[in-house]
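Engineer: Residue numbers (the UniProt record's numbering): 1 to 295.
Ideal placement from N, C-alpha and C gives every residue a C-beta, glycine not left out.
Before I ask anything, here is the structure I am working with.
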């Protein structure tokens, strides 16, 4: 583990940029950026276009460690280059931003009010390659829709089981059991989730380190115990479908919680913007998320 990067993730001021849309979510991300499906043919062209989008974001002047302390990458982004460097090396060497890798393979069908992760049969290979590419940590996502005790327990146990494998590979896992913002009893889901996470955190070894990525809670400061837990490097928040102004407002109500936004980060960007327009939008968005994260 890179101790300098660990210190940045633990105490740095700023937020984590989520640039990890994968195969299933890439067409939606491109559409929001102004690139429609009739403008490309097949996955290869689609992933070329999304890498162009991510390169434009990462190389923007506002994208640096003054306000962004980490960035989550999709596997193909990790294996591609920006200005002659692998993306993770460009992020850290040129921008001072700590790189993470999305390692899950998507969601299973809903059961007991939740969606666990699909099996990650290639996890060992992904972790080996992540280390080769100078990745600091990983991210994996599950979804909780109902306050179902059995379902929430299963999601958290799966996350921590895989999390231990990631820790053993020398990486820091971002554990992401997302609570759906449209859940009929979101606050109850969050209370149950917190208790399950605490149980699993307390079973970790003293030197084990994890991060948590959680939906901004309905009741402000619900996750204070998690933020203060000795095994937790940082707790970050996903935007979960909230528009950026609402996401920033809700985030600012939670002490110690910082952003790890995806759609909210990129919602005002468009392929047809001039570089000046694009960079100005990036600067304004990054600044607003940064301010909400350090409030």
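Per DSSP, which one or two residues make a beta bridge with residue 201?
Structural biologist: As a first step, residue 201 must be located in the chain shown, where it is residue number 201. Beta-bridge pairing links residue 201 to no other residue.
Engineer: In terms of DSSP beta bridges, what is residue 210 paired with?
Structural biologist: Along the chain shown, read from residue 1 onward, the residue named residue 210 stands at position 210. Partner(s): 232.
Engineer: Short check: CB of residue 137 to CB of residue 68, under 7 Å?
Structural biologist: Within the chain shown, the letter at position 137 stands for residue 137. Within the chain shown, the letter at position 68 stands for residue 68. The answer is no: Cβ separation not under 7 Å.
Engineer: Check this for me: beta carbons of residue 264 and residue 293, under 7 Å apart or not?
Structural biologist: Translated into positions along the chain shown, residue 264 becomes position 264. Translated into positions along the chain shown, residue 293 becomes position 293. Not in contact: residue 264 and residue 293 (Cβ atoms no closer than 7 Å).
Engineer: Mapping DSSP to helix, strand and coil, what is residue 299?
Structural biologist: Outside the modelled stretch of the chain, which goes from 1 to 295, sits residue 299, for which no answer is possible.
Engineer: Determine whether the beta carbon atoms of residue 159 and residue 175 lie at a separation below 7 Å.
Structural biologist: Along the chain shown, read from residue 1 onward, the residue named residue 159 stands at position 159. Along the chain shown, read from residue 1 onward, the residue named residue 175 stands at position 175. Going by C-beta atoms, residue 159 is nearer than 7 Å to residue 175.
Engineer: Taking residue 28 and residue 64 to be in contact with their CB atoms under 8 Å, please state how far apart those CB atoms are, rounded to whole angstroms.
Structural biologist: Numbered from its first residue, the chain shown carries residue 28 at position 28. Numbered from its first residue, the chain shown carries residue 64 at position 64. The Cβ separation is near 27 Å, so there is no contact.
Engineer: By how many angstroms is the C-alpha of residue 120 removed from the C-alpha of residue 107?
Structural biologist: Taking the chain shown and counting its residues from 1, the one referred to as residue 107 is at position 107. Taking the chain shown and counting its residues from 1, the one referred to as residue 120 is at position 120. If I take the Cα positions, the gap works out to 11 Å.
Engineer: Among all the DSSP beta bridges, which residues are the ones paired with residue 186?
Structural biologist: Here residue 186 refers to the residue found at position 186 when the chain shown is read from its first residue. Answer is none; residue 186 lacks a bridge partner.
Engineer: Per DSSP, what kind of secondary structure is residue 13 in: helix, strand or coil?
Structural biologist: Stepping through the chain shown from its first residue, residue 13 is reached at position 13. Of the three classes helix, strand and coil, the one that applies to residue 13 here is coil, per DSSP.
Engineer: By the three-class DSSP mapping on this structure, what secondary structure does residue 19 have?
Structural biologist: Reading the chain shown from its first residue, position 19 is the one you call residue 19. DSSP places residue 19 in strand when its eight states are reduced to three.
Engineer: Taking the Cβ atom as the reference point for each residue, do residue 34 and residue 280 lie within a distance shorter than 7 Å?
Structural biologist: Position 34 of the chain shown holds residue 34. Position 280 of the chain shown holds residue 280. Their beta carbons are not under 7 Å apart, which means residue 34 does not touch residue 280 by this criterion.
Engineer: Could you check whether residue 78 and residue 141 sit closer than 7 Å to each other, using their CB atoms as the reference points?
Structural biologist: Here the question's residue 141 lines up with position 141 in the chain shown. Here the question's residue 78 lines up with position 78 in the chain shown. Against a cut-off of 7 Å, the Cβ pair of residue 78 and residue 141 comes out as no contact.
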